[in-house]
Amino acid sequence: MLLKGVLASESVTRLDKIWLKTGTFGHQLSFYQRQGFRVERVVKNYFVENYPEPIFENGIQHQDMLLLELQIK
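Heads up, the sequence shown is in numbering that gives the first Met the number 0, so the first residue is 0 and it goes up one at a time.
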């Protein structure tokens with residue numbers, strides 16, 4: 000798995016934490032949470048204000064963005 004390979008790399012293991020951004024729902028969110036990522040912050044209307052076209056997943060429009068954090072050490 001690509002994410003596990005990245006997290007195991009020497010450059011990452013020297014870090015205290017890693018952040019990533021994703022939508023507020025969908026299979027990717029549960030995947031990241033199973034890897035140990037936790038919600039750090041919600042950025043309201045991120046996808047609405049920063050993308051020219053609406054982004055839909057399973058008929059639901061993405062609006063807010065989650066900043067997820069993984070504690071390494």
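Beta carbons: idealized from backbone N, C-alpha and C, even for Gly.
message: Assuming contact is defined by CB atoms lying nearer than 7 Å, are Lys20 and Leu69 in contact in what I supplied?
response: no
task: Output the boundary residues of the alpha helix (DSSP H) element that contains Thr12.
output: Glu9 to Thr12
Length-filtered (4 minimum) alpha helix (DSSP H) runs lying within the segment 13-49: Runs found: 26-33 and 45-49.
query: Taking Cβ positions only, does Glu48 come closer than 7 Å to chain C?
result: In the structure shown, chain C cannot be found, because there is only a single protein chain.
message: Do Asp15 and Val41 have their beta-carbon atoms positioned less than 7 Å apart in this structure?
response: no
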